[in-house]
Structures are given as C-alpha cells and as structure tokens.
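Chains as they are written, first to last, in the numbering used here: chain R, 74 to 214; chain D, 74 to 214; chain X, 144 to 222; chain E, 144 to 222.
Cβ atoms here follow ideal geometry from the backbone N, Cα and C, with glycine treated the same way.
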Amino acid sequence: MFRLSETPIDAVELARELAHTRAGACVTFEGWVRDHNEGRAVLRLGYQAYVPLALAEGERILAEARAKFVVVEAACVHRVGTLEIGELAVWVGVSAAHRGAAFDACRYVIDEVKRRVPIWKNEHYADGESGWLHPDNTPVE
Amino acid sequence: MFRLSETPIDAVELARELAHTRAGACVTFEGWVRDHNEGRAVLRLGYQAYVPLALAEGERILAEARAKFVVVEAACVHRVGTLEIGELAVWVGVSAAHRGAAFDACRYVIDEVKRRVPIWKNEHYADGESGWLHPDNTPVE
Amino acid sequence: MKYRVLYFASLRDRAGIDAEQVESRAGDARGLYTELRARHGFALGEDRLRVAINGAFASWEQPLHDGDEVVFIPPVSGG
Amino acid sequence: MKYRVLYFASLRDRAGIDAEQVESRAGDARGLYTELRARHGFALGEDRLRVAINGAFASWEQPLHDGDEVVFIPPVSGG
Numbered sequence: 074m075f076r077l078s079e080t081p082i083d084a085v086e087l088a089r090e091l092a093h094t095r096a097g098a099c100v101t102f103e104g105w106v107r108d109h110n111e112g113r114a115v116l117r118l119g120y121q122a123y124v125p126l127a128l129a130e131g132e133r134i135l136a137e138a139r140a141k142f143v144v145v146e147a148a149c150v151h152r153v154g155t156l157e158i159g160e161l162a163v164w165v166g167v168s169a170a171h172r173g174a175a176f177d178a179c180r181y182v183i184d185e186v187k188r189r190v191p192i193w194k195n196e197h198y199a200d201g202e203s204g205w206l207h208p209d210n211t212p213v214e
Numbered sequence: 074m075f076r077l078s079e080t081p082i083d084a085v086e087l088a089r090e091l092a093h094t095r096a097g098a099c100v101t102f103e104g105w106v107r108d109h110n111e112g113r114a115v116l117r118l119g120y121q122a123y124v125p126l127a128l129a130e131g132e133r134i135l136a137e138a139r140a141k142f143v144v145v146e147a148a149c150v151h152r153v154g155t156l157e158i159g160e161l162a163v164w165v166g167v168s169a170a171h172r173g174a175a176f177d178a179c180r181y182v183i184d185e186v187k188r189r190v191p192i193w194k195n196e197h198y199a200d201g202e203s204g205w206l207h208p209d210n211t212p213v214e
Numbered sequence: 144m145k146y147r148v149l150y151f152a153s154l155r156d157r158a159g160i161d162a163e164q165v166e167s168r169a170g171d172a173r174g175l176y177t178e179l180r181a182r183h184g185f186a187l188g189e190d191r192l193r194v195a196i197n198g199a200f201a202s203w204e205q206p207l208h209d210g211d212e213v214v215f216i217p218p219v220s221g222g
Numbered sequence: 144m145k146y147r148v149l150y151f152a153s154l155r156d157r158a159g160i161d162a163e164q165v166e167s168r169a170g171d172a173r174g175l176y177t178e179l180r181a182r183h184g185f186a187l188g189e190d191r192l193r194v195a196i197n198g199a200f201a202s203w204e205q206p207l208h209d210g211d212e213v214v215f216i217p218p219v220s221g222g
C-alpha cells in the first residue's frame with residue numbers, strides 16, 4: 074500500500090497494519106523535516122507530487138520489495154503540501170518473518186522512493202529564500 | 074538507554090524520545106513473538122536475563138553504535154518474563170540526521186544484542202515441549 | 144496536435160503555471176520540450192529530465208498523439 | 144573458598160536451582176565449572192559457555208576470590 078497524504082501521517086495506526094502472527098520482525102523508517110540542510114536553516118518544507126505517476130511508481134517499488142525480499146507486509150505513505158520542522162514527511166514499514174529481510178526491504182523502499190517517485194521538496198529557508206532540491210539535497214539550479 | 078521490562082513495551086512512547094529537530098531519519102526495529110520457529114508451532118515465550126550484565130552489555134552496545142555511526146539518539150528495550158504470540162519482545166530505535174546511519178546503527182544494535190546480551194529465550198511448543206534456543210534459533214541441546 | 148502539459152517544481156515556477164494546453168507540430172516529447180523550453184526559458188536540459196506520457200514513464204522518442212498528457216519530470220526529491 | 148554461582152537457561156533447568164553458595168578449592172572458573180558440571184550433569188561444555196565474574200565478562204583463567212559471584216553464560220538467544 075503506497076499512499077500520498079495531505080494530512081499528518083499516523084505512524085501508530087500504520088504500524089498496526091503490519092502485525093501478523095507469521096511476522097517476527099518489523100522495521101520502520103520515518104523521515105522527519107529537519108531544521109537545517111547543507112548548512113542552511115530551514116523553516117518549513119513544501120512537497121509537490123505528480124499524483125497518478127507517484128502512486129503507480131510507489132506501488133511498483135513495493136511490489137519489487139515483495140519480490141526481492143521475503144516479507145509479510147510492506148507499506149509507504151508520503152506527505153504532500155506544507156510541513157513544519159519535526160513533522161513526519163515519509164513513513165515506510167515492513168514486517169517479515171526474519172529481521173534481515175525486514176531491514177533490507179525497508180531500506181530498498183525508501184531508497185527507491187527518493188530516487189524514482191515524482192515528488193519534489195521545496196525548502197523554505199530562514200533567509201527568506203526557497204529552492205527545489207535534488208535527491209542528494211543540493212539545489213536543482 | 075538500554076532497559077529490561079517486565080511489562081509490555083510502549084513503542085509509541087519510546088519513539089517520541091527519539092525526536093529531535095536535528096534528526097531527519099528514524100529507524101525502528103520491533104521483534105515480535107512469532108507463532109512458529111523451525112517448523113514447530115509456538116504457543117508463548119519466556120525470557121530470562123542475567124540483569125546486571127545484560128544492562129551493562131546493552132549500554133555498551135548502544136555506546137558502540139553512537140561511536141560507529143553519526144546518530145542523534147539510540148535506545149533499546151527488551152522484555153523479560155512470559156510473552157504471548159504477537160507481543161513485542163524487543164524494540165530498537167535510532168534517530169540520525171541521515172538515513173544511512175539510522176539504518177546501520179539500528180541493525181548493529183539488534184544484531185549485537187542478539188549475539189552478546191545475556192538473555193535467553195525459552196519457547197513453549199504446541200506439542201507440550203519447551204526448549205532453550207541458540208542465537209540461530211536452533212535448540213541448545 | 145494538442146497536448147496537455149503539466150509542470151512541477153522548478154519548471155512550474157519558471158512557467159508560472161501548473162498546466163497548459165499546447166498546440167504543436169512536435170511529434171515526440173523531445174521536440175515538444177525544445178519548443179516549450181524556448182518559450183518559458185527553462186534552465187533544465189533534457190539530460191536532467193524524465194518524460195511521462197499519460198501517467199507513465201516514456202522515452203523522449205515515443206510518438207505523441209492528439210490529446211496526450213505530457214509531463215517533464217525534474218530531478219525528484221521526495222523523502 | 145566460597146563462591147556464589149547463578150544459573151540461567153538450560154543450566155538452571157539441569158541444576159534445578161537459580162543460585163547456590165559453593166565451597167570449592169578451585170582457583171578459577173575453569174576448575175569451578177569442572178566441579179559443578181560433574182555435580183549437576185551439565186551437558187554444555189566450556190567451549191559453549193562464557194564466564195562472568197561479579198557482573199562482568201571474564202576469562203576462564205581469571206583468579207577467583209572468596210565471595211565472588213560467578214555465572215556460566217550459555218549461548219544467548221534474546222531478540
């Protein structure tokens with residue numbers, strides 16, 4: 074399940090859906106809005122998404138994770154819109170019988186989401202500027 | 074912070090303590106009691122610990138993780154006593170500025186806890202038997 | 144032919160619009176981007192972009208049809 | 144000398160007790176374990192165990208002192 078959310082992500086509710094009596098391991102990743110990037114003070118973020126392609130690409134990544142690793146459940150939710158410092162921007166959760174697969178699949182999903190899903194982060198800086206970022210967190214232009 | 078708990082672990086409360094405005098990534102590992110192991114149906118688990126050494130070794134592992142990886146917070150809580158299927162047996166949480174360190178430190182902590190901390194798992198099977206396990210989940214004797 | 148073009152991130156800022164209907168003789172995304180880059184002054188070259196046609200990633204050379212939705216995807220930065 | 148010995152996991156089950164005071168002439172954990180293994184019939188050999196003295200991991204050869212707490216650590220299985 075890959076979703077985009079315009080409202081705060083409920084990590085507790087999401088984690089509950091990963092539980093299964095076959096699952097012995099659960100790994101979650103949470104990406105939070107940091108107060109700095111590349112040495113600049115950040116006030117808040119805005120995320121834009123090309124929604125239909127983001128949903129399709131996100132589901133494709135989860136399907137790849139399920140094919141590559143022996144997992145029970147795998148899910149990801151990404152925020153869009155305006156986020157304040159400390160807010161949850163992206164959540165990935167994977168349950169599996171064994172911890173190796175849970176770690177590897179969780180890492181795979183967040184790495185691929187950041188690399189491939191058409192979502193763009195616009196950082197608003199304390200100096201009044203703002204800018205769109207590359208996957209490596211450097212400015213686009 | 075490494076703790077042993079005789080009562081259910083509150084993962085939500087623990088995760089809250091990892092948050093920090095410097096932290097952009099949070100990885101958590103949860104180990105749940107599975108309903109099977111090595112093909113045998115499991116009814117419940119019992120964990121024994123040599124408490125003072127378990128606490129000292131657990132803190133040592135967290136200190137190693139903080140020295141090896143650039144993390145903001147790292148914590149682990151392990152249950153002792155009797156646990157039912159689906160219960161949370163061990164929780165590890167790491168926050169960091171960047172996700173690589175958070176994943177690597179979380180994985181390091183759970184791997185070393187399972188390898189080194191004097192805690193023993195006794196599985197109670199559906200066939201009425203029970204047995205102490207090795208780290209690789211095979212029986213001790 | 145008429146295409147619907149959506150803009151995101153720095154392309155949206157530069158164009159000043161989220162989307163537009165474009166009347167063009169370009170038969171593929173490469174030709175269409177060349178036209179639109181000249182019109183809007185986009186800084187990003189083709190080598191920095193990916194293309195999506197009707198909601199799916201596509202090649203720059205895939206033939207376009209009347210009414211297609213075309214999106215030029217700047218480097219993504221989710222997460 | 145008198146030592147306090149704690150038992151865990153399969154050693155506890157075999158000994159039938161959590162802990163005991165042991166009067167012994169063994170000067171290190173190796174000698175002490177040999178005695179206790181014979182008395183309780185422990186299946187695990189030294190090569191499968193670690194030793195803790197007074198709450199810290201120690202070598203099998205570390206000299207024991209009167210009143211020391213000695214624990215033979217079976218293969219652990221937390222998590």
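One alpha carbon belongs to Tyr198(R), the other to Gly119(R), and they sit about 12 Å apart. The Cβ neighbour count for Glu202(R), taken over all protein chains shown within 10 Å, is under 16; the residue is labelled exposed. In the structure shown, Phe75(R) adopts extended strand secondary structure according to DSSP, grouped into three states.
Distances from the alpha-carbon of Gly198(E) to those of Ala162(E), Glu212(E), Thr177(E), Gly159(E) put Glu212(E) closest.
Taking Leu91(R) as reference, the option from Val153(R), Val145(R), Leu77(R) with the minimal CA-CA separation is Val145(R). Rounded to the nearest whole angstrom, the C-alpha separation of Ile216(X) and Pro125(D) is 57 Å. Residue pairing for His109(D): DSSP places it in a beta bridge opposite Ala114(D).
For His197(R), not one C-beta of chain X is nearer than 8 Å to its own C-beta.
Looking at the backbone, the Cα of Glu204(X) and that of Ala195(X) are separated by about 12 Å.
A residue is called buried when at least 16 other Cβ atoms come within 10 angstroms of its Cβ; Gly159(X) does not meet this threshold and is exposed. In terms of Cα proximity to Gly154(R), the closest of Ala88(R), Phe102(R), Arg117(R) is Arg117(R).
Residue contact with chain R for Val214(X): present (Cβ-Cβ distance below 8 Å to some residue of chain R). Contact note: Ile158(R) reaches chain D through Thr94, using a C-beta cutoff of 7 Å and chain order.
Assigned with DSSP and collapsed to three states, Ala170(R) falls in coil, not helix or strand. By a beta-carbon distance limit of 8 Å, Ile192(R) does not contact Gly184(X). Their separation comes to about 25 Å.
Collapsing the DSSP output to three states places Ile183(R) in a helix. Gly174(X) places its beta carbon 8 Å or farther from that of Pro206(X).
Between the region 126-144 of chain D and the region 162-179 of chain D there are three or more C-beta pairs closer than 8 Å, enough to call the two in contact. Contact with chain R is found for Ser220(X), since one of that chain's Cβ atoms lies less than 8 Å from the residue's Cβ. Taking the C-beta atoms as reference points, Arg147(X) is found nearer than 8 Å to Gln164(X).
Exclusion of the five residues before and after Gln121(D) leaves Val153, Ile192, Trp193, Asn195 as the residues of its chain whose Cβ lies within less than 8 Å of its Cβ. A Cβ-Cβ distance of about 5 Å is found for the pair Trp205(D) and Ala152(E), placing them in contact under the 8 Å criterion. In this model, Thr101(R) and Asp184(R) are separated by some 13 Å (Cα to Cα). Secondary structure note for Leu156(R): its beta strand (DSSP E) is the uninterrupted segment 154-157. Rounded to the nearest whole angstrom, the CA to CA distance from Arg133(R) to Glu160(D) is 31 Å. The beta carbons of Ala147(D) and Val167(D) sit about 5 Å from each other, so the pair counts as a contact at 8 Å. Under DSSP, Ile196(X) takes part in a beta bridge, and its partners are Ala199(X), Val213(X). Comparing C-alpha distances from Ala84(R) to each of Arg107(D), Arg89(D), Val163(D) shows the shortest one belongs to Arg89(D). When CB distances to chain D are screened at a threshold of 8 Å, the residues of the region 145-178 of chain E falling below it are Leu149, Phe151, Ala152, Ser153, Arg155, Asp156, in chain order. About 16 Å separates the Cβ atoms of Leu156(D) and Val190(D), ruling out a contact at the 8 Å cut-off.
In chain order, Val106, Asp108 place their CB closer than 6 Å to the CB of Ile158(R), counting only its own chain and leaving out the 5 sequence neighbours on each side. Among the residues of the region 197-212 of chain X, those with a Cβ less than 8 Å away from any Cβ of chain R are Gly198, Ala199, Phe200, in the order of the chain.
Excluding its 5 nearest sequence neighbours in each direction, Asp177(D) has C-beta neighbours in its own chain below 6 Å: Phe142, listed in chain order.
Residues of the region 114-148 of chain R with a Cβ closer than 8 Å to any Cβ of chain D: none. Ala129(R) and Met74(R) have their C-alpha atoms spaced approximately 11 Å apart. Residue-level contact check: Ile82(D) does not touch chain E, since none of the beta carbons of chain E fall below 8 Å from its beta carbon.
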